[in-house]
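Protein chains in written order, with my numbering: chain A, 1 to 348; chain B, 1001 to 1315.
For every residue, glycine included, the Cβ atom is placed at its ideal position computed from N, Cα and C.
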């Protein structure tokens, strides 16, 4: 039957006297199994550094031997305890052999070296959709308030609309754009903004799996608010200054929200139109790609929070704000379009 | 991946057959896994939340202590006090954000793919297709967690503290949380929203020791009469009454049973095969019978004949 079952070395005289073939099979191999079990236990406890090189190298071999033992045992042995043990050990070592195999640090390195920009390029279509939606939202917000200024109060929540309301004087509006904030609380403000914006971006992404509709609505709403605010400032001839005030961090922040929304739409689109894959398979493939984009979005929002909290208050003139804001935007564009292309070409 | 192979004879019997699945390893070997029950998931989550809250509390207390220290140091000049206060506030906001988001990421990216809460209840995250659990999958499932759980919780707390909030928004938030929390109950793999997006599932850990040989006294083939097990000889008819199910029940009794259980089982076997019970060494008898029965059934197995239990016909 199994040639290896019949093979007996001379040292195995004891084993050869065992009555059951399946017990002989077990006695011949249990040394390997217990060795593997020890390695696995050590690794599970996070002590893989203490393992000898020999043991680490032996792991894949021992794992494959174990799998073949399991297959043989299932066909030849009725020792339920033994099979349970082999099943459990196979699963444990399977998870180590096919584990995440990456630390947070190593993953981050791969991520910045091209993983992120490749993921962004992979959802290009959705980025264009999200961009269109956002521009449309801003235009709608502007047009609505221009038509009837009461719309402003419907679109903008109370906390933002302190003095920035339709009909406010130019000085009052100018005061909100330049140098009014005291510089003591900047750091707190930046950290708060980051934490807050990150939640909005996460929301824009995670709502995507309801067929992308909530993501799109969220983008429209946020940008309509912006359009309404723009109208208030445009009425007093402060358009250029307002855009400058917004641009210094807004290029990064709006770009991040754009990406988050696009990631949400990507997932939603995969669920709604999975193509020739199953809904679940399509969702998980899209979800993993979108997750990469989202990790990057969080990083962009940290940058945006810092810019908003520090740079905006420190750079108090419009020209400087334009320079910083669009310089950074250019940097993002070059990075997303250029980074990590080399890998892809050599890979394909 | 699942149901088709469920009729295979080696699929194990567990207490929760509804949660048993088969995962094909990249080598093509089917592995039995058990999806973590909803109760275990809830327990793990509750533990994790307690741990996160504890960490946040510790950081808050540490910040307050430092603040108090500064207060003593800068007692004379309140202006100089603002600088360190700002730094402290930034550290606090960032660390709360990290606890909430990075805690799950860090632990689920580790070798055991489980947070402390999951480890405590013995479950872990795995890729549903049997492939490698990637960092992207872990990130995806945890980003969605934010929307499922933390965002509505924060929202609920805000609405409950503000009297102006209408009860409608509070109820909407509550239903939102409920919808996501109960989501795992409405699919057979106990997937939550994040698992769905990331292509992962949560399964039970298995940790079983290699037991001894079931029947050590009867295992050795000996010609001499010193081995007590060799006193027993069973005919084909004696062995043809039972199948694999009974064999494994007997194995279980031999591995774990006490004297009383051994006597009961020995008596019922003797009755079945028409022997006279009560020789006083039930364990030896049962080991001998077990070994003989297993030898017979395994011989049949090698020729492709399996007998599930005593009710199925033996060919």
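{"Asked": "Nearest-angstrom Cα separation, counted from residue 136 of chain A out to residue 225 of chain A", "Found": "12 Å"}
{"Asked": "Cross-strand partners of residue 1124 of chain B (DSSP beta bridge)", "Found": "B:1203"}
{"Asked": "Residue 67 of chain A to residue 1029 of chain B span [Cα, whole Å]", "Found": "7 Å"}
{"Asked": "Partners in chain B for residue 117 of chain A, counting only beta-carbon separations shorter than 9 Å", "Found": "Going along chain B, no residue has its Cβ under 9 Å from residue 117 of chain A, so there is no contact; the nearest lies around 15 Å."}
{"Asked": "Boundaries of the beta strand (DSSP E) in which residue 1031 of chain B is found, first to last residue", "Found": "1030-1034"}
{"Asked": "Boundaries of the alpha helix (DSSP H) in which residue 1022 of chain B is found, first to last residue", "Found": "Residue 1022 of chain B -> not in any alpha helix (DSSP H); beta strand (DSSP E) instead, spanning 1020-1024."}
{"Asked": "Short Cβ contact (7 Å threshold) for residue 1202 of chain B with residue 1254 of chain B", "Found": "no"}
{"Asked": "Unbroken alpha helix (DSSP H) run spanning residue 1115 of chain B, endpoints", "Found": "Premise fails: residue 1115 of chain B is in no alpha helix (DSSP H) and is neither H nor E."}
{"Asked": "Beta-bridge partners of residue 243 of chain A, as assigned by DSSP", "Found": "Beta-bridge pairing links residue 243 of chain A to no other residue."}
{"Asked": "Partner residues on chain A for residue 1207 of chain B, Cβ-Cβ distance less than 8 Å", "Found": "88, 92"}
{"Asked": "Any 3 or more C-beta pairs closer than 8 Å across the region 139-155 of chain A and the region 225-243 of chain A", "Found": "yes"}
{"Asked": "Beta-carbon proximity check, residue 1104 of chain B vs residue 1142 of chain B, cutoff 7 Å", "Found": "yes"}
{"Asked": "Assumed close pair residue 1088 of chain B, residue 280 of chain A - CB separation to whole angstroms, cut-off 8 Å", "Found": "Not quite, the Cβ-Cβ distance comes to about 46 Å (not below 8 Å), so this is no contact."}
{"Asked": "Where residue 18 of chain A sits in the DSSP three-state scheme", "Found": "strand"}
{"Asked": "Separation of residue 251 of chain A from residue 149 of chain A, as counted between CA atoms", "Found": "27 Å"}
{"Asked": "The alpha helix (DSSP H) enclosing residue 123 of chain A, as first and last residue numbers", "Found": "No alpha helix (DSSP H) contains residue 123 of chain A, which DSSP labels as neither H nor E."}
{"Asked": "Cβ of residue 294 of chain A within 7 Å of any chain B Cβ", "Found": "yes"}
{"Asked": "Whole-Å CB distance - residue 1116 of chain B paired with residue 1051 of chain B, under 8 Å assumed", "Found": "6 Å"}
{"Asked": "Residue interval of the alpha helix (DSSP H) (run including residue 65 of chain A)", "Found": "53-76"}
{"Asked": "Beta carbon of residue 263 of chain A nearer than 7 Å to that of residue 282 of chain A", "Found": "no"}
{"Asked": "For residue 1306 of chain B and residue 270 of chain A, the rounded distance between their alpha carbons", "Found": "46 Å"}
{"Asked": "Test: residue 1204 of chain B CB closer than 7 Å to a CB of chain A", "Found": "no"}
{"Asked": "Test: residue 1025 of chain B CB closer than 7 Å to a CB of chain A", "Found": "yes"}
{"Asked": "Inter-stretch contact at 8 Å, needing at least 3 Cβ pairs: the region 1174-1184 of chain B / the region 329-336 of chain A", "Found": "no"}
{"Asked": "The region 291-309 of chain A touching the region 74-88 of chain A, judged by at least three CB pairs closer than 8 Å", "Found": "no"}
{"Asked": "Under 7 Å between C-beta atoms of residue 1114 of chain B and residue 1128 of chain B", "Found": "no"}
{"Asked": "Chain A residues whose Cβ lies nearer than 8 Å to that of residue 1291 of chain B", "Found": "19, 20"}
{"Asked": "Residue from A:231, A:261, A:276 with nearest C-alpha to residue 219 of chain A", "Found": "A:261"}
{"Asked": "Any C-beta of chain A under 7 Å from that of residue 1253 of chain B", "Found": "no"}
{"Asked": "Per-residue burial, residue 1184 of chain B [other beta carbons within 10 Å of its own, 16 or more giving buried]", "Found": "buried"}
{"Asked": "Residue 1232 of chain B, enclosing alpha helix (DSSP H) - first and last residue", "Found": "From DSSP, residue 1232 of chain B is part of no alpha helix (DSSP H); its letter is neither H nor E."}
{"Asked": "Coil, strand or helix - residue 1213 of chain B by DSSP", "Found": "coil"}
{"Asked": "Rounded straight-line distance, which links the Cα of residue 1046 of chain B to that of residue 1060 of chain B", "Found": "21 Å"}
{"Asked": "CB contact below 7 Å: residue 284 of chain A versus chain B", "Found": "yes"}
{"Asked": "Test item: CB-CB of residue 118 of chain A and residue 338 of chain A under 7 Å", "Found": "no"}
{"Asked": "Contacting residues, own chain, Cβ-Cβ under 8 Å from residue 1033 of chain B (five flanking each side not counted)", "Found": "1020, 1021, 1022, 1023, 1126, 1203, 1204"}
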